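Chemist: The opening position of the sequence shown corresponds to residue 3 in this note's numbering, with each subsequent residue numbered one higher.
Ideal placement from N, C-alpha and C gives every residue a C-beta, glycine not left out.
All of these numbers come straight from a predicted model, not from anything done at the bench.
Next up is a structure, given as structure tokens.
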Amino acid sequence: MNLENYFIAQFHNKHIGDDGAVIGKYVYSKDAFFENIHFKRDWLSFYDIAKRAMLVNISDALAMGATPKYALLSVAMPKNMNRADMKNLADGFKAVAAQYNVEIIGGDTISNTKLDITITIISEVKRTLHRKGIKNNYLFAYTGVLGHSAKELKKLLNLGKIHQKSKFIDIQLRQQFLKRSSKVLKAGMDISDGLYSDLEKLTSTNKLGVHFFKQIPKRIGCSGEEYEMLVSFAPQDRKKMVRLAQLSRTKLTVFAKATRNRYTNRCKAHHF
3 MNLENYFIAQ FHNKHIGDDG AVIGKYVYSK DAFFENIHFK RDWLSFYDIA
53 KRAMLVNISD ALAMGATPKY ALLSVAMPKN MNRADMKNLA DGFKAVAAQY
103 NVEIIGGDTI SNTKLDITIT IISEVKRTLH RKGIKNNYLF AYTGVLGHSA
153 KELKKLLNLG KIHQKSKFID IQLRQQFLKR SSKVLKAGMD ISDGLYSDLE
203 KLTSTNKLGV HFFKQIPKRI GCSGEEYEML VSFAPQDRKK MVRLAQLSRT
253 KLTVFAKATR NRYTNRCKAH HF
């Protein structure tokens, strides 16, 4: 057990274990976006920092099959930020909030040595998509194309530049795909820690293993912060899922099935 899992294991209740906590008809989710941990200020504008922070939080809500409604912002700002910087940051939050019909209802601001952001998203849900619910022989699939985030991060760490439409900046969430396929999907989560690492979360939750149909290179399987969807569904629904993905213009790759063997994650832990 890594240190992150050890810490989470100290809190025992039925709400912990998914991308958000489901209480009644609401989903509550929260994620952090900290300078020098998740980003460096010379990589992104203040506008893009705020956009990315909002998108990665809304991704958790969508991954639960929920519709985000409200946001609470907590922003720790360095003293060298001026009014123009603050306005650009606020404009980034507001742009994504408007795109997803989310109302920013409050939060907190404090002075800090660096820019740290945490966001709570409150969502409404009718049909919840949990991580649990996978049976033996169920299929695993992911949306979109994986591997670009790690490649772009490497470029940034080497002082390179990335395009404004880069996946590292312009995250594309799969809201329409999830809406269309909600009745067919049995389990799912967003890919934030990498395909292999998040697959480990799904399989351990369901006490199952994985049989890969073909080998996926580590540069793809270990690429984190992709914010695509990792989903599972019954084998008899494969054609239906492919058709639903096509209707939302979403690339869907079916890459494995659930088995009763043990799955071993091939990626290094990057938390703590």
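Specify whether the segment 158-169 and the segment 105-123 touch according to this definition: at least 3 beta carbon pairs, one from each stretch, less than 8 Å apart.
Modeler: Taking 8 Å as the limit for Cβ pairs, the verdict is that the segment 105-123 does not touch the segment 158-169.
Chemist: Between which two residues does the alpha helix (DSSP H) containing H150 stretch?
Modeler: Here the alpha helix (DSSP H) through H150 covers H150 to L159.
Chemist: To the nearest angstrom, how far is the alpha carbon of V212 from that of T205?
Modeler: Going by the C-alpha atoms only, they are around 8 Å apart.
Chemist: If contacts are defined as beta-carbon pairs under 8 Å, then A143 and L246 qualify, I think. What distance do you get, rounded to the angstrom?
Modeler: Their Cβ separation, rounded to whole angstroms, is 11 Å, which puts A143 and L246 out of contact at 8 Å.
Chemist: From the beta carbon of Y144, is the nearest beta carbon of chain C less than 8 Å away?
Modeler: The chain labelled as chain C is not found in the depicted structure, where only one protein chain is given.
Chemist: Can you give me the start and stop residues for the beta strand (DSSP E) that S194 sits inside?
Modeler: No beta strand (DSSP E) holds S194; DSSP gives it neither H nor E.
Chemist: How far does the alpha helix (DSSP H) with I10 in it extend, from its first residue to its last?
Modeler: That run of the alpha helix (DSSP H) goes L5 to I10.
Chemist: Would you mind reading off the limits of the beta strand (DSSP E) that contains D33?
Modeler: Where D33 is concerned, the enclosing beta strand (DSSP E) stretches over Y28 to F36.
Chemist: Between the segment 87-102 and the segment 21-40, are three or more C-beta pairs nearer than 8 Å?
Modeler: Contact between the segment 87-102 and the segment 21-40 is absent, because fewer than three Cβ pairs lie under 8 Å.
Chemist: Considering only DSSP beta bridges, list what P80 is partnered with.
Modeler: In the DSSP output, where bridge partners are listed per residue, P80 has N114.
Chemist: In terms of DSSP beta bridges, what is P237 paired with?
Modeler: Looking at the DSSP assignment, P237 forms no beta bridge with any residue, so it has no partner.
Chemist: Using a threshold of 8 Å, state whether the C-beta atoms of P175 and S250 are closer than that.
Modeler: Here residue 175 is Leu; the residue named in the question, Pro, does not match the sequence. For L175 and S250, no; Cβs fall outside 8 Å.
Chemist: Helix, strand or coil for E230, going by three-state DSSP, please let me know.
Modeler: E230 falls in the coil class under three-state DSSP.
Chemist: Please classify N208 as buried or exposed, where buried requires at least 16 neighbouring CB atoms within 10 angstroms.
Modeler: Result: buried.
Chemist: Leaving out five residues on either side along the sequence, give the residues of the same chain with a beta carbon under 7 Å from the beta carbon of H132.
Modeler: If we look at H132 and ignore the five residues flanking it on each side, its Cβ neighbours are D20 and A189.
Chemist: Quick one: Cα of A68 to Cα of K27, how far?
Modeler: So the two alpha carbons sit approximately 9 Å from each other.
Chemist: May I ask which residues mark the beginning and end of the alpha helix (DSSP H) holding K137?
Modeler: Taken as a continuous stretch (DSSP letters only), K137 belongs to no alpha helix (DSSP H), as it is neither H nor E.
Chemist: Using the Cβ count rule (16 or more neighbours within 10 Å means buried), how would you classify E6?
Modeler: With fewer than 16 Cβ atoms within 10 Å of its Cβ, E6 is classed as exposed.
Chemist: S183 by DSSP, collapsed to three states: which one?
Modeler: Helix.
Chemist: Assuming L74 contacts I121 (C-beta within less than 8 Å), just tell me the rounded distance between them.
Modeler: Correct: roughly 7 Å between the Cβ atoms.
Chemist: Where L46 and Q238 are concerned, what is the direct C-alpha to C-alpha distance, given to the nearest angstrom?
Modeler: When rounded, the distance between both Cα atoms is 44 Å.
Chemist: I think I136 touches S234, with their Cβ atoms under 8 Å apart; what is that distance to the nearest whole Å?
Modeler: Indeed, because the Cβ distance is near 5 Å, the residues count as touching under 8 Å.
Chemist: For a test of the three-state rule: what should DSSP assign to G109, helix, strand or coil?
Modeler: The answer is strand: DSSP assigns G109 an E or B state.
Chemist: Any idea if R54 is buried or exposed, counting beta-carbon neighbours within 10 angstroms, 16 or more meaning buried?
Modeler: With 16 or more Cβ atoms within 10 Å of its Cβ, R54 is classed as buried.
Chemist: Use the C-beta contact count for Y8: other C-beta atoms within 10 angstroms, 16 or more gives buried, fewer gives exposed.
Modeler: The residue is exposed, with fewer than 16 neighbouring Cβ atoms inside 10 Å.
Chemist: Does the Cβ of S113 have 16 or more other Cβ atoms within 10 Å, making it buried, or fewer, making it exposed?
Modeler: Exposed: under 16 other Cβ atoms inside 10 Å.
Chemist: Can you say whether N263 is buried or exposed, counting buried as having 16 or more other CB atoms within 10 angstroms of its CB?
Modeler: The residue is exposed, with fewer than 16 neighbouring Cβ atoms inside 10 Å.
Chemist: Can you give me the Cβ contacts of A152 inside the same chain, cut-off strictly under 6 Å, excluding the 5 residues immediately before and after it?
Modeler: Result list for A152: S225, in chain order.
Chemist: DSSP three-state label for A271, please.
Modeler: Residue state, collapsed to three classes: coil.
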